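**Student:** Please see the structure below; I have some questions.
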Amino acid sequence: MAGSDESVFLSVVVPAYNEDARLGPTLRTIRAHLESRINAAGTGNGPTEIIVVDDGSTDRTGAVAAEALRGRPRDRVLRRGKNRGKGFSVKEGMLAAAGRLILFTDADLSTPITELEKLLAGIRDGHDIVIGSRALPGAEIRRRQRVLRERMGKTFNLFVRGWVLKGFPDTQCGFKLFRREAARDIFSRVRLDGFSFDVEVLFLARRLGYSIGQVPVVWINSPESKVRIVASSVSMLRDLFRIRRLHRNAGFRRSS
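Using the numbering used here, the first residue of the sequence shown is number 1, and each one after it goes up by one.
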């Protein structure tokens, strides 16, 4: 786990697996937005860092990330020799981050980085965690998923609400912002390595008493998504039913 660095305002964590084709533009877009915030606001609330977690990629993902982050000494690439899953990668990045606030976002930027400002407003309103949602009034879906994937997503959410967690119409949007203390407390307890980790994170956050805000965001489906619809859906449902069992005997007290 990283030490605290009060000079770092915001950490952005980007999990990546075989993303060498689009990761470079993604990181340059994130860099440009973070730097524009600093220029527009004088300090932009302080320095920032970008952490890419290369989850055992077999292409040039790590090299592309290192090149795109060159010139920003706080930025770094965490490389893993074996593919462990998105949940594992996000957890590793979140626990390595030094920022007072920590965002994780997808490598395809399905939610544009400019939507960060909405999440920051939620933090200023007093929330410990603010998540982007594609299902709230005001959300803007500029390119939809294929019909099968969209239907399976809705079915998954029905299982989430019926079995694990109510009150979140969209748990799977990969755009979530945390205060550092909440991120470290929650992600140190996360057990799932796959795509259902988002549900586990929100389950833990609620059990630990953290305030969770939800905001509608812009979302643009990536036609090059790495998610294998049927195989991933089966794995996600299996993991979903493990969440309560994994934490059945846990003591839900916040870390000091």
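Glycine residues also receive a C-beta, built at the ideal position from the N, C-alpha and C atoms. The structure displayed is predicted, hence computed values, not measured ones.
Return the chain-ordered list of same chain residues with a C-beta closer than 6 Å to the C-beta of I212, the five sequence neighbours on each side being excluded.
**Tutor:** So the list reads I129, A205, once near-sequence residues are dropped.
**Student:** Beta carbon of R80, beta carbon of D54: below 8 Å?
**Tutor:** It is a contact, given that the beta carbons lie within the stated cut-off.
**Student:** Quick check: F88 and P47, are their CB atoms within less than 8 Å of each other?
**Tutor:** No. Outside cutoff.
**Student:** With three or more C-beta pairs closer than 8 Å as the rule, is the segment 72-86 touching the segment 182-190?
**Tutor:** The segment 182-190 vs the segment 72-86: no contact.
**Student:** Tell me whether the beta-carbon of T29 lies closer than 8 Å to the beta-carbon of I141.
**Tutor:** No.
**Student:** For R76, does the three-state DSSP call read helix, strand or coil?
**Tutor:** In this structure, R76 counts as strand in the three-state DSSP scheme.
**Student:** Could you give the first and the last residue of the continuous beta strand (DSSP E) run that contains I212?
**Tutor:** Unbroken beta strand (DSSP E) run through I212: 212-216.
**Student:** Please work out which residues of its chain come closer than 7 Å, Cβ to Cβ, to T43, disregarding the five sequence neighbours upstream and downstream, and give them in chain order.
**Tutor:** In this prediction, T43 has a pLDDT of 49, which is less than 50 and means its spatial position is unreliable; nothing more can be read from the coordinates.
**Student:** Just to confirm before moving on: does the CB-CB distance between V13 and G132 stay below 8 Å?
**Tutor:** Not closer than 8 Å, so no.
**Student:** Note down the Cα distance separating R254 from L208, rounded to an integer number of angstroms.
**Tutor:** R254 and L208: Cα-Cα distance of roughly 6 Å.
**Student:** When DSSP labels each residue in this structure, what does G99 get in the three-state scheme?
**Tutor:** It is coil, neither helix nor strand.
**Student:** Quick one: is L234 buried, meaning 16 or more other Cβ sit within 10 Å of its Cβ, or exposed?
**Tutor:** Looking at the sequence shown, residue 234 is not Leu but Val. So V234 counts as exposed.
**Student:** If you run the structure through DSSP and keep just helix, strand and coil, what is T43?
**Tutor:** Per-residue confidence for T43 stands at a pLDDT of 49, beneath the threshold of 50, marking its modelled position as unreliable; the derived number appears in the next sentence. It is coil, neither helix nor strand.
**Student:** Please say whether S222 and D108 have beta carbons closer to each other than 8 Å?
**Tutor:** Yes, the pair counts as a contact, with Cβ atoms nearer than the cut-off.
**Student:** With 8 Å set as the bound, which would you pick, yes or no: does the beta-carbon of L10 sit closer than that to a beta-carbon of chain B?
**Tutor:** In summary, chain B is missing from the structure at hand, where a single protein chain is found.
**Student:** Determine which residues share a DSSP beta bridge with F178 and list them.
**Tutor:** Answer by DSSP bridge pairing, in chain order: I102, I129.
**Student:** Please classify S36: does DSSP put it in a helix, a strand, or coil?
**Tutor:** Of the three classes helix, strand and coil, the one that applies to S36 here is helix, per DSSP.
**Student:** With DSSP collapsed to three states, give me the class of L10.
**Tutor:** Strand, per DSSP.
**Student:** Going by beta carbon distance, what residues of the same chain come within less than 6 Å of A52, once the five residues before and after it are set aside?
**Tutor:** In the sequence as displayed, the identity of residue 52 is Val instead of Ala. Cβ neighbours of V52 beyond the five flanking positions: V14, A16, A65, V77.
**Student:** With a cut-off of 8 Å on the beta carbons, I'd call L136 and P169 a contact; round off their distance for me.
**Tutor:** So it is a contact: roughly 7 Å between Cβ atoms.
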